[in-house]
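Here's the structure, in structure tokens; my notes come after.
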Amino acid sequence: MDRRTFLTAAGTGAAALSLGAVTAPATASAATAAAPADPRLLRTWFRDTYRSIEAMTTDLGLVTDKIDLKGAGAPAQSRQTSPTNIGCGLWSTVAAAGLGVIGEGAMLRSLTRTVTAVEKLERHHGFWLNWYDAHDGSVLTEWPGTGDPVRPFLSSVDNAWLVTGLRIAADAAPTLRARVDRILATADWSYFYTPYDPADPVAGPGQLRGGVWTDTEEPTPHHYGALNTEPRMASYLGIADGSLPGDHYWHLLRTMLPEHEQEQKPGGGYVTVDGVRVWNGHYTHRGRKVVPTWGGSMFEALMVPLFVPEPEWSPRAWGVTHQRYVRGQIDHGLREAQYGYWGFSPANIPEDGYQEYGVDALGMAVDGYASNTDRTHTTDGEPLPPPSAFTNGVVTPHASFLALPYAGREAVANLRSLERDFGAYEEGLGFRDSVNVSTGRVSDFMLALDQGMIVAALAQELRPGLLQRPFRTGGFRSRVRPLLERERFSI
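Under mature numbering (1 follows the signal peptide of the UniProt record, and there is no 0), read the sequence shown as residues -30 to -1, 1 to 461, first letter to last.
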């Protein structure tokens, strides 16, 4: 259907710029936190969601940015794709084979087709540009449908997700390992890195640039400074392969420094780890100490641990903050805004477009990501806006799937409510991208990134570790794991 109406009443990717009470239980096992959900339901959701990835895949073997469901017949593929979308296609194929949705032969054919296409894409400095035509592999210079110019840009975080997908593909299909190794041989993360300069930590923060425009070789003016955001996947990849120093991890911000303007005045104190003086800050939300993300969205915090086992390697730090972060999202949706639903992360605006959604109080940015299209923000130390102020609240299903290891019962119940109350589930394809829970409007689109996160989350729930194998060995085991084991958040 192209339009959906509210059926029954139920009982909101960026990162920080570089800048020179009662608490929840400290620990909870994933087995205790997760619901004993019916595996048949999860497998149905997985199978259908994987079919949406197949529907996004072009004859060239690249996954498009999104599909449009509002027309008659088969979903309409977008013209554009990005490194992230391609990576989603790769790990989704491996997950589908691991769960028996496709056979090993089909997996190998699909992965080979995609790797062949990736080999032919134009690259700079060993990395991929942000936008290609998914149907012929050419670099996009104009935006489809509008003709707006597209500057060639290398994004550090988007490249991280393609490298993630390639490493998963090489692990699952040994016949492709040599080809993937050749592809990745020139992908040197130090290209994005500004070394730490103790004499000028603002100019030399020891962090990754957001990216570089290749037409002028001009880097972004900002670095990815926040630790608890999705760009940390690029940091982990670089530390693991030795192209980034290990102390890069300690130069990332748990919160901004206390003297800097941010969403909340942080608690915490300075500590020295591996010879690096670290501001070990935290925020407090509804009595719980957490390490904030940049904007307050779910995927900033919880996309990376789909692949890197942060809660296992760092149970007293990452494991605790992830669980409290989910609880903060639930409390915002059900108690603060009183939507009756929860799960806020960048997604399609149900009425069309794209917006970063999140819980403002869980992000460092002043007036960060709001949970509604109308951008109702909160201010630390001031009374919360009344629930009636949170108009046009937008919930995205992928956020609930990311929460499965930490609040499984509530995640499944939330998803079933979105399906029941709004018709947000498309039989044979999975959940549509988002729902305006104030009006009942459901998105006409499915986005590759969001469907790819759902696939990975369900794979982790149904076959733990399936997509994590390449990130538990080699440099991840010898270089990344010791850092996470030494992490001690002030929470």
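Backbone N, C-alpha and C define an ideal beta-carbon position, used for all residues, glycine too.
Kindly indicate which three-state DSSP category Y295 falls into: helix, strand or coil?
helix
Is DSSP giving Y339 helix, strand or coil here?
coil
Straight-line CA distance for A(-7) to Y253?
Residue placement at A(-7) cannot be trusted, given a pLDDT of 32 that sits under 50; the coordinates are not used to answer.
The region 191 to 204 / the region 175 to 182 touching (three or more Cβ pairs under 8 Å)
yes
Simplified DSSP state of D330, which is helix, strand or coil
helix
T156: which of P279, S52, V382 and E89 sits nearest, CA to CA?
E89
CB L419 to CB C58, shorter than 8 Å?
yes
Given a cut-off of 8 Å on the beta-carbon distance, is the pair R10 and G398 in contact?
no
Does the separation of the CB atoms of H302 and S358 fall below 8 Å?
no
For the region 101 to 163, list the alpha helix (DSSP H) runs that are entirely contained and at least 4 residues long, ordered along the chain.
126 to 142 and 147 to 154
Where does residue 513 land, buried or exposed, given buried means 16+ other C-beta within 10 angstroms?
Examination of residue 513 is not possible in this model, given that the chain is present from -30 through 461 alone.
Between the CA atoms of V248 and G43 - distance to the nearest angstrom
56 Å
Could you say which of V296, L354 and V364 lies nearest to P375 if we only look at CA atoms?
V296
Proximal residues to E380 (C-beta, below 7 Å), its chain only, five neighbours per side dropped
I300
Helix, strand or coil for A(-17)? Go by DSSP, reduced to three states.
Low per-residue confidence applies at A(-17): pLDDT is 33, beneath 50, and the placement is therefore not dependable enough to give any value.
Only counting runs of 3 or more residues, tell me where the beta strand (DSSP E) segments fall wholly within the region 175 to 258, in order along the chain.
175 to 179, 181 to 183, 237 to 243 and 246 to 255
Output the distance between the C-alpha atoms of W226 and L197, rounded to the nearest integer angstrom.
The sequence given here places Met at residue 226; Trp does not occur at that position. The straight-line gap from Cα to Cα measures roughly 10 Å.
For residue 480 and S52, which I take to be in contact (beta-carbon distance under 8 Å), what is that distance rounded to the nearest angstrom?
Within the shown structure, residues of the chain are numbered from -30 to 461, placing residue 480 beyond reach of any answer.
Rounded separation between W288 and A426 - CA only:
19 Å
How should G239 be labelled, buried or exposed, when 16 other C-beta atoms within 10 angstroms of its C-beta is the threshold for buried?
exposed
Anyone know if the C-beta pair for L124 and F97 falls short of 8 Å?
yes
Determine the direct distance from the alpha carbon of E233 to that of T349, and round the result to whole angstroms.
7 Å
Does DSSP classify G400 as helix, strand or coil?
strand
Might you give, ordered along the chain, the residues of its own chain that have their beta carbon closer than 7 Å to the beta carbon of E389, omitting 5 neighbours on each side?
Y395
Measure the C-alpha to C-alpha separation of residue 462 and Q47 and round it to an integer number of angstroms.
Given that the chain is displayed from residue -30 to residue 461, the structure contains no residue 462 and the question cannot be resolved.
Between F446 and A143, is the Cβ-Cβ spacing less than 8 Å?
no
Specify, as a first and last residue, the run of the beta strand (DSSP E) that F441 falls within.
F441 -> no beta strand (DSSP E), and no H or E assigned at all.
Assuming F16 is part of the alpha helix (DSSP H), what are its boundary residues?
P9 to M26
Which listed residue (T361, A169 and I319) has its alpha carbon closest to that of P367
I319
In angstroms, rounded to a whole number, what distance separates the CA positions of residue 479 and T443?
Residue 479 cannot be examined here, being either before or after the span of the chain that is shown, -30 to 461.
Can you look up Q308 in the DSSP assignment and give me helix, strand or coil?
coil
By DSSP, does L60 sit in helix, in strand, or in coil?
helix
How is the alpha helix (DSSP H) around M268 delimited, first residue to last?
M268 to L272
So, helix, strand or coil for D167, using DSSP?
coil
Taking 6 Å as the limit between beta carbons, can you name the residues of its chain near A140, skipping five residues before and five after?
L146, R147 and V150
Pop quiz: T343 and Q325 are said to be a contact at Cβ under 8 Å. What is the actual Cβ separation, rounded to whole angstroms?
6 Å
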